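Residue 304 in the numbering used here is what sits at position 217 of the sequence shown, and the numbering runs on without skipping anything.
Structure, as structure tokens:
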Amino acid sequence: WQLQVLALLGFGFLALFCYTPICWNVIAFQDFKIAKGIGGSPWVGFKHFKAFLTDPIFWMSFWNTLGMSANKFALNTVGPILFAVLLSEMPGKCLKKSVQTMTYLPHFLSWVIMYGIILALLAPGDGIVNDALRLMGKQPVNFLTDSKIFPFLVILSDAWKEMGWSAIIFIAALMGIDVSLFEAAIVEGANSWQRVRYITLPAIKPVIVIVLLMKIGTVLDAGFNQLYMLYSPAVYSVGDIIDTWVYRQGLLNSQFGLATAAGIFKGIIGMLLLFCSNHLTKKYTESSLF
Numbered sequence: 088w089q090l091q092v093l094a095l096l097g098f099g100f101l102a103l104f105c106y107t108p109i110c111w112n113v114i115a116f117q118d119f120k121i122a123k124g125i126g127g128s129p130w131v132g133f134k135h136f137k138a139f140l141t142d143p144i145f146w147m148s149f150w151n152t153l154g155m156s157a158n159k160f161a162l163n164t165v166g167p168i169l170f171a172v173l174l175s176e177m178p179g180k181c182l183k184k185s186v187q188t189m190t191y192l193p194h195f196l197s198w199v200i201m202y203g204i205i206l207a208l209l210a211p212g213d214g215i216v217n218d219a220l221r222l223m224g225k226q227p228v229n230f231l232t233d234s235k236i237f238p239f240l241v242i243l244s245d246a247w248k249e250m251g252w253s254a255i256i257f258i259a260a261l262m263g264i265d266v267s268l269f270e271a272a273i274v275e276g277a278n279s280w281q282r283v284r285y286i287t288l289p290a291i292k293p294v295i296v297i298v299l300l301m302k303i304g305t306v307l308d309a310g311f312n313q314l315y316m317l318y319s320p321a322v323y324s325v326g327d328i329i330d331t332w333v334y335r336q337g338l339l340n341s342q343f344g345l346a347t348a349a350g351i352f353k354g355i356i357g358m359l360l361l362f363c364s365n366h367l368t369k370k371y372t373e374s375s376l377f
């Protein structure tokens with residue numbers, strides 16, 4: 088019973104912060120006013136859904152979200168796998184642990200701190216990178232307000248922060264591979280690439296599939312905390328995403344019904360992507376979530 092009581096803490100957290108808010112999704116169909124509450128706010132049907140579906144700013148943020156998520160998805164999936172494989176081939180236990188520690192650390196820093204680091208590196212006035220450009224006789228670049236550079240800055244800074252942490256699950260999977268397989272491959276004359284191709288990748292294939300499925304379900308989460316810290320009106324055209332649009336409509340403009348409707352739309356898209364990808368992986372591979 089002690090373990091069951093301990094488990095209730097986790098269930099209580101999920102019930103309070105994940106399931107209870109679902110009941111408030113009804114405000115997507117209301118002209119919700121805080122003073123009137125759910126019971127007193129008038130019903131407006133699908134008015135809010137029509138509003139955001141006909142809003143060009145929403146669709147701009149939608150395509151920005153897809154573009155950033157797709158690039159982050161690719162880089163933060165292939166990158167951790169490659170990093171984990173390279174780390175497993177690295178000689179020297181002390182060096183390997185040092186590299187692991189250095190790559191994990193950025194994950195534990197908030198985006199507020201990361202923004203301070205990025206600003207110290209890329210600020211147009213006294214950033215380290217622009218100081219180096221001046222020494223080479225070149226003009227400084229305003230990385231944070233250049234609409235052509237900003238998407239790459241977002242994608243690369245996210246990879247810098249999360250790649251080491253994302254590789255942990257693949258490193259754990261690599262540790263479960265029987266060492267005798269590699270020893271036999273070396274005896275047979277297999278080089279490093281052949282060992283990775285024919286032993287390492289097939290052995291961790293189920294883990295890769297599960298990680299891909301879990302990430303596909305959040306493909307419309309382009310990273311609100313990161314974008315909120317980094318973007319500015321100068322890069323709205325390429326940096327505005329669904330979450331920042333919802334933030335402005337819901338909290339700044341007090342259009343809670345409109346923001347909730349957009350959130351439901353985002354959740355439905357994510358759920359459909361998850362079910363479709365799970366069906367395809369179950370059909371063509373031996374791994375799936377359910």
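Just so you know, even glycine gets a beta-carbon here, dropped at the ideal spot from N, CA and C.
Model, not experiment: these values are computed from the prediction.
Determine, using beta carbons only, whether residue i and residue j come nearer to each other than 8 Å.
| i | j | result |
| --- | --- | --- |
| MET201 | LYS159 | no |
| PRO238 | VAL113 | no |
| ILE329 | LYS353 | yes |
| LEU307 | ILE286 | no |
| ALA209 | VAL199 | Per the sequence presented here, residue 209 reads as Leu, with Ala not at that position. No, these two residues do not count as a Cβ contact at 8 Å. |
Does DSSP put residue i in a helix, in a strand, or in coil?
| i | result |
| --- | --- |
| TRP130 | strand |
| GLN117 | strand |
| PHE149 | helix |
| VAL186 | helix |
| ILE256 | helix |
| ILE286 | helix |
| TYR318 | coil |
| GLN226 | coil |
| THR164 | helix |
With residue i and residue j assumed to form a contact (beta carbons below 8 Å), what rounded beta-carbon distance in angstroms separates them?
| i | j | result |
| --- | --- | --- |
| LEU300 | SER364 | 6 Å |
| GLY337 | PHE343 | 6 Å |
| GLY251 | PRO193 | 7 Å |
| ALA348 | PHE139 | 6 Å |
| ALA161 | PHE257 | The Cβ separation is near 16 Å, so there is no contact. |
Please list the terminal residues of the continuous alpha helix (DSSP H) segment that includes residue i.
| i | result |
| --- | --- |
| ALA122 | Taken as a continuous stretch (DSSP letters only), ALA122 belongs to no alpha helix (DSSP H), as it is neither H nor E. |
| ILE363 | Note that residue 363 is Cys in the sequence shown, not Ile. Start and end: 343–371. |
| GLU249 | 237–253 |
| SER374 | Note, SER374: premise wrong, no alpha helix (DSSP H); not H, not E. |
| VAL81 | Examination of residue 81 is not possible in this model, given that the chain is present from 88 through 377 alone. |
| GLN91 | 89–101 |
| TYR106 | That residue, TYR106, is in no alpha helix (DSSP H); it is neither H nor E in DSSP. |
| PHE269 | 266–274 |
| LEU208 | 198–209 |
| VAL294 | 292–303 |
Of all the CB atoms in chain C, is at least one closer than 8 Å to the CB of residue i?
| i | result |
| --- | --- |
| LEU103 | Annotation note: the requested chain C is absent from the structure, which comprises a single protein chain. |
Would you check if there are 3 or more beta carbon pairs closer than 8 Å linking the segment 122–141 to the segment 305–313?
As far as the Cβ criterion goes, the segment 122–141 does not touch the segment 305–313, which means the pair count is below three.
Are the segment 138–146 and the segment 227–235 touching by the rule of at least three beta carbon pairs closer than 8 Å?
No: fewer than three Cβ pairs fall under 8 Å.
Three or more C-beta pairs below 8 Å linking the segment 161–177 and the segment 286–300
When C-beta atoms of the segment 161–177 are compared with those of the segment 286–300, three or more pairs fall below 8 Å, so the two segments count as touching.
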